[in-house]
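Residue numbers (the working numbering), protein chains in the order written: chain D, 1 to 168; chain S, 1 to 110. The beta-carbon is built from N, C-alpha and C at its ideal position, and this holds for glycine as well. From a predicted model like this one, the values you see are computed outputs, not experimental measurements. Have a look at the structure below before the remarks.
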Amino acid sequence: MTDTQTNLQKEDLVITRILDAPIEMVWKAWTDPKQVIRWWGPKYYISPTCEIDLREGGKFIFCMRAPKDQGGQDSYTAGIYEKIVPMERLEFTQSLSDKDGKKIDPAGAGMPPDFPKEMRMVIGFKAKGTMTELTITVYGFVAGQMYLYALAGWQQSIDKLAESLAKA
Amino acid sequence: MNTAFMTALAEPNRMRIVELLRDGPCPVGEIAVKLRIRQPQASKHLRVLNDAGLVVVHPVAQQRIYQLQPKAFEELDNWVETFRRIWQTRLDNLDEYFQELKEEQKRDNK
C-alpha cells in the first residue's frame with residue numbers, strides 16, 4: 001500500500017529508555033507478578049494482586065488500589081500475551097476489566113468517552129552491556145482502529161464505530 | 001477529542017489532504033491534482049474536514065485556498081502527551097525499583 005505515513009499511524013506511541021539494570025533483571029521485572037506490582041502502578045497506589053500466566057495466549061490480571069485520600073477503590077487491568085520471546089520481546093493486549101478479568105467499558109468506569117477500550121503493547125528488550133534498552137510501542141488509543149478500517153475501505157465499520165463513540 | 005475529528009481523519013484521501021496541507025495552504029484545484037482525484041471529490045473531502053474543524057478556507061480572487069487549523073491537532077497532541085506521561089512515570093518507577101533491588105542485593109551480600 002502506498003499510503004503516506006502520518007503522525008496518526010497505526011503505532012500511536014513509541015518510548016525508548018535505557019535502564020541501569022541487566023537484561024535478565026529487566027525481563028524478570030516485567031514477567032514476575034511479585035515484581036510487577038512494585039513498579040507498574042502510579043505513586044501511592046498499591047497493587048494487592050497480580051496474576052500472570054506467562055505463555056502465548058495466557059492471561060494476566062492486575063489490581064490497583066487508589067490511596068485513601070483518592071477514594072481507595074480497586075481497579076483492574078487485564079489482557080492476553082500474544083507473543084513471548086524471552087529477553088527480547090513481549091507483546092500483550094490490555095483493557096480495563098472487572099475483578100475476574102472480563103473486559104469492561106471504560107465509560108462505565110468513569111473514563112471519558114474516547115478512552116481506548118483495548119490497547120496493544122509491544123515491549124522490546126535489548127542488552128547494552130550491563131544496561132538494557134527498553135522500547136515500548138503502544139497501539140490503539142488514537143485513531144488506530146479507525147485508521148485500520150479506513151485502509152481496508154470499511155466505510156460502514158467506520159460509520160458504526162463513530163456512531164457508537166457518539167453514544168458512549 | 002471529538003468523533004467528528006476521528007471520522008474525518010479515518011478516510012485515506014482526507015489523511016493525504018492533511019499531509020499535503022502541513023506543507024502550507026493550498027487551493028482546491030491543486031489539492032485535486034496532487035491527490036489525483038476529481039475536483040468535486042476533493043471539495044467533498046474538504047467540506048468534511050472543514051466541518052470537523054481541521055481546515056479553514058479563505059477565498060482569494062477566484063480561488064478557494066484551504067489551510068490546516070493547528071488547534072485541532074494540538075488537542076490530539078495533548079491526548080498523546082497524556083499517555084506518554086503515564087509511560088514516562090511508569091519507567092521512572094521502574095528505574096527506582098531497580099535501584100531498590102540493587103541496594104537490597106548489596107545488603108543481602110553483607
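Excluding sequence positions up to five away, which residues of its chain have a Cβ less than 6 Å from the Cβ of residue i?
i	result
D/CYS78	Looking at the sequence shown, residue 78 of chain D is not Cys but Ala. ILE61, SER97 and GLY101, listed in sequence order.
S/ILE86	none
S/VAL48	ALA8
D/LEU13	VAL138
D/MET1	Unreliable positioning characterises D/MET1 in this predicted model, as indicated by a pLDDT of 28, which lies under 50. The coordinate reading is nonetheless provided below. Contacts found: none.
D/ILE46	ARG65
For residue i, is the classification buried or exposed, using 16 other Cβ atoms within 10 angstroms of its Cβ as the cut-off for buried?
i	result
D/MET87	exposed
S/HIS45	buried
D/PRO116	buried
D/ILE23	buried
D/ARG120	buried
D/ALA21	buried
Is the shortest distance between the beta-carbon of residue i and the beta-carbons of chain S less than 8 Å?
i	result
D/MET64	no
D/ALA143	At D/ALA143 the pLDDT is 49, less than 50, meaning the model places this residue with poor confidence and gives no usable figure here.
D/ARG38	yes
D/VAL122	no
D/MET25	yes
D/ALA21	yes
D/ALA29	yes
D/MET146	Confidence at D/MET146 is low in this model, with a pLDDT of 44, below 50, so its placement is unreliable and the value that follows should be read with caution. D/MET146 counts as touching chain S.
D/ILE15	yes
D/PRO42	yes
Which of helix, strand or coil does DSSP assign to residue i?
i	result
D/GLN145	For D/GLN145, the pLDDT reaches just 42, beneath the cut-off of 50, and the residue's location in the model is therefore unreliable, although a value from the coordinates is still provided. Three-state DSSP puts D/GLN145 in a helix.
D/LEU13	strand
S/ASP95	helix
D/GLY72	coil
D/ARG55	coil
D/ILE104	coil
D/GLY79	strand
S/LEU21	helix
S/ARG38	coil
S/SER43	helix
S/LYS71	helix
S/LEU9	helix
D/ILE37	coil
D/GLY124	strand
Would a check of beta-carbon distances place residue i closer than 8 Å to chain D?
i	result
S/ARG85	no
S/ASN93	yes
S/ARG38	no
S/ARG64	no
S/LEU35	no
S/LEU54	no
S/ARG107	no
S/LEU115	Outside the modelled stretch of chain S, which goes from 1 to 110, sits residue 115 of chain S, for which no answer is possible.
S/ARG47	no
S/LEU68	no
Output needed for residue i: all residues of its chain with C-beta closer than 8 Å, excluding positions within five of it in sequence on either side, in chain order.
i	result
S/GLN39	VAL28, GLY29 and ALA32
Just the Cα atoms here: how many angstroms apart are residue i and residue j?
i	j	result
S/GLU104	S/ASP92	19 Å
S/ASP51	D/THR132	47 Å
D/GLU118	D/THR93	7 Å
S/ALA10	D/ALA107	22 Å
D/LEU134	S/PRO70	32 Å
D/LYS68	S/ARG90	21 Å
S/HIS58	S/ARG84	36 Å
D/LYS34	S/MET6	39 Å
S/SER43	D/TRP40	48 Å
D/GLY144	S/VAL55	Below a pLDDT of 50, predicted positions are generally treated as unreliable, and D/GLY144, at 44, falls in that range; no measurement from the model is reported.
S/TYR97	D/PHE125	17 Å
Should residue i be listed as close to the ligand NAP, given that the test is whether its C-beta is under 7 Å from any heavy atom?
i	result
D/VAL26	You won't find the ligand NAP in this model; it holds no ligand whatsoever.
Looking only at its own chain, which residues have a Cβ that is under 7 Å from the Cβ of residue i, when we skip the five neighbours before and after it?
i	result
D/ILE104	LEU96, SER97 and ASP98
S/ARG14	ALA8, HIS45, VAL48 and LEU49
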